[in-house]
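**Student:** For the sequence shown, the residue numbers in full-length UniProt numbering are 1 to 196. We treat Cβ as the ideally placed atom computed from N, Cα and C, and that holds for glycine.
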Amino acid sequence: MPKLPTERRRARLLQVLAHRQDDLTLVLANIHDPHNVSAIYRSCDAFGVSRVHLYYTDTPFPVLGRKTSASARKWVESSRHKNAADLFNGLSAQGMQILATSCEPGARPLRQWDFTQPTAVIMGNEHSGVAPDLLRQAHGSLYIPMYGMIQSFNVSVAAAIILAEAARQREAAGFYAAPRVSEGALEARLNAWLEK
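1. Going by Cα to Cα distance, which pick from Leu24, Ala46, Tyr143, Ser50 is closest to Gly129?
2. Could you tell me whether the Cβ atoms of Arg108 and Gly140 are closer together than 8 Å?
3. Looking only at C-alpha atoms, which of Leu54, Pro118, Ile40 sits nearest to Gln169?
4. Determine, using beta carbons only, whether Val27 and Tyr56 come nearer to each other than 8 Å.
5. Please check the pair Ile31 and Asn154, which I expect to be a contact at CB under 8 Å, by giving their CB distance rounded to whole angstroms.
6. Is Ser79 helix, strand or coil by DSSP?
7. So, using beta-carbon positions, are Phe175 and Thr116 closer together than 8 Å?
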């Protein structure tokens, strides 16, 4: 006989689901280190991101470590993509502004972007950043201002900083105050989570 969830667990799951931001996502583009991917999943869960898009064209999809992600992959859904056109078409169909991280001229500082709009942010790999073909297709690019000698963050740290800014803007706009999905959709997700 399956174990019935306690009211406390049910209430906690409902609280977390009520804060999920379905219209905020990250695209992890050929990120090599699975520890970085796992750490990004953990940040996504912490800031209410419900789905991560994995775009891998030159390496296999990552195997996520249980220890680093603290089982966040259990609570954050994944979509896998091998084709840029399909990735961009899918995100555009959801009305997403698609931004890429970049240090190239023309990139705007993180805080100049409006994250209360449906947004997907492409995080490039540790060695070469976001590929030029993805940069060209993105609606814009962003960078995190830095004031030291080093001019780059680890990709998982950069993801956390970007999500923290998005969450700051969304919290100020009241996005975390109440569920942003229908009661029926919330109940369906709760039932799915209760089975995990």
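**Tutor:** Straight from the coordinates:
1. The shortest C-alpha separation from Gly129 is found at Tyr143.
2. Their beta carbons are under 8 Å apart, which means Arg108 touches Gly140 by this criterion.
3. Nearest C-alpha to Gln169 among Leu54, Pro118, Ile40: Pro118.
4. Cβ atoms of Val27 and Tyr56: not closer than 8 Å.
5. So it is not a contact: roughly 11 Å between Cβ atoms.
6. Of the three classes helix, strand and coil, the one that applies to Ser79 here is strand, per DSSP.
7. Yes, the Cβ-Cβ distance between Phe175 and Thr116 is below 8 Å.
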